[in-house]
Every structure is written in structure tokens, then in C-alpha cells.
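Notes follow once the structure below has been shown.
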Amino acid sequence: MNPWQERNEGVIKEFRANGGKVGGWASLILLTTKGAKTGQERIIPLMYVPDGDRILAVASKGGNPKHPEWYLNILAHPEVTVEVGNEKFTTTAKILTGEERARAYKRAAEVFPPYAEYQQKTSREIPVIALDRPAR
7 MNPWQERNEG
17 VIKEFRANGG
27 KVGGWASLIL
37 LTTKGAKTGQ
47 ERIIPLMYVP
57 DGDRILAVAS
67 KGGNPKHPEW
77 YLNILAHPEV
87 TVEVGNEKFT
97 TTAKILTGEE
107 RARAYKRAAE
117 VFPPYAEYQQ
127 KTSREIPVIA
137 LDRPAR
């Protein structure tokens with residue numbers, strides 16, 4: 007297990023043990039995807055970016071020139087599970103484009119200002135993914 011996976015394992019355990027709270031972190035979600043190549047379940051902690059009744063996931067990878075692996079998983083398998091606080095739901099991830107993506111990225115940068123810096127660090131357009139809660 008690499009150092010990122012080890013760190014994430016600890017974050018995931020603390021998140022689940024404390025109703026979504028992780029000491030020293032801003033609000034997070036857990037996103038469960040299916041591996042694009044392996045088909046194995048992958049869980050990744052991400053910043054919690056609420057946007058009305060949906061949640062936005064930002065595939066920033068800190069401004070890295072390559073997309074994060076979880077984003078590639080979504081492209082291959084858009085059915086995901088989201089955990090936020092004590093809530094857990096399954097949804098189909100939707101990649102946002104055009105004006106909707108621009109508005110969503112602006113919203114994400116309001117919630118987590120480093121996102122604005124991350125876009126400046128890379129030539130790729132950082133994807134924004136909408137995670138809609140199921141109708142209640």
C-alpha cells in the first residue's frame with residue numbers, strides 16, 4: 007500500500023467512526039467508484055462541495071497535469087456511492103461541461119479557495135462532476 011492509500015485508509019476509518027468528521031480536515035465526502043481496469047471498489051475522500059441538493063466532486067489532483075484515477079474510474083463506470091456525514095446514497099456521476107461546469111467550478115472555489123489556484127497550475131480543464139441525491 008502506498009503512502010496515499012495508507013493516509014486515505016485512516017481518513018476513511020475516522021470519517022465512518024465519527025459521522026463524517028475527520029480531525030484537521032475541512033468537510034469531506036467519501037466517493038466509492040469501480041476501478042476502470044480492475045473493476046475493484048475504490049474509496050476516495052474528497053472535499054465536500056454542496057451545490058443545492060447535489061454535491062460537486064472536483065477532479066483537481068492539486069493542479070497536477072494528469073487526471074486523478076477516481077475520475078478515470080467514473081468515465082468507465084459512472085455509477086458511484088457517496089457518503090456525506092451519516093448519509094449514504096448511490097447515484098450516476100455526471101461530468102459537467104460548458105457554462106454549467108464554469109459555474110460549478112466557481113462554486114467549488116468559493117467553498118475551497120485552493121481550487122482556483124489548482125486550475126492556474128495546469129493546462130488541463132479540471133473536471134467537475136455532479137453527484138445528484140436520489141429523489142426523496
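With my numbering applied, the sequence shown corresponds to residues 7 to 142, in that order.
All residues carry an ideal CB built from backbone N, CA and C; glycine is no exception.
Requested in this report: State the start and end residues of the unbroken alpha helix (DSSP H) segment that holds A122.
Outcome: Here residue 122 is taken as the residue at index 116 of the sequence shown, counted from 1. Boundaries of the alpha helix (DSSP H) harbouring A122: P120 to K127, taken from the DSSP string.
Query raised in the report: Whose C-alpha, out of G29, K27, I49 and G26, is nearest the C-alpha of Q11?
Result: By 1-based counting over the sequence shown, the position of residue 11 is 5. Per the Cα distances, I49.
Query raised in the report: If you draw a straight line from the C-alpha of S129 to the C-alpha of P71, how long is it?
Result: Start at 1 with the first residue of the sequence shown, and residue 129 comes out as number 123. Start at 1 with the first residue of the sequence shown, and residue 71 comes out as number 65. In a straight line, the C-alpha of S129 is about 7 angstroms away from that of P71.
Query raised in the report: Are the beta-carbon atoms belonging to S66 and I132 less than 8 angstroms from one another?
Result: Here residue 66 corresponds to residue number 60 of the sequence shown, with the count starting at 1. Here residue 132 corresponds to residue number 126 of the sequence shown, with the count starting at 1. Taking 8 angstroms as the Cβ cut-off, S66 and I132 qualify as a contacting pair.
Query raised in the report: Under the rule that 16 or more other beta-carbon atoms within 10 Å means buried, what is T39, buried or exposed?
Result: What you label residue 39 is simply residue 33 of the sequence shown in a count that begins at 1. By the neighbour-count rule (16 or more Cβ atoms within 10 Å), T39 is buried.
Query raised in the report: Ordered along the chain, which non-local residues of its own chain (more than five positions away) have a Cβ less than 7 angstroms from that of I80?
Result: Here residue 80 refers to the residue found at position 74 when the sequence shown is read from its first residue. Taking I80 as the centre and dropping the five residues before and after it, the same chain places the C-beta of T39, V86, A99 and I135 closer than 7 angstroms to its C-beta, in chain order.
Query raised in the report: Which one or two residues does DSSP pair with R60 in a beta bridge?
Result: On the sequence shown, position 54 is the one that residue 60 refers to. Beta-bridge pairing links R60 to D57 and D138.
Requested in this report: Name the two residues that bound the continuous alpha helix (DSSP H) containing V117.
Outcome: Mapped onto the sequence shown, residue 117 falls at position 111. Counting along the chain, V117 sits inside the alpha helix (DSSP H) bounded by residues G104 to V117.
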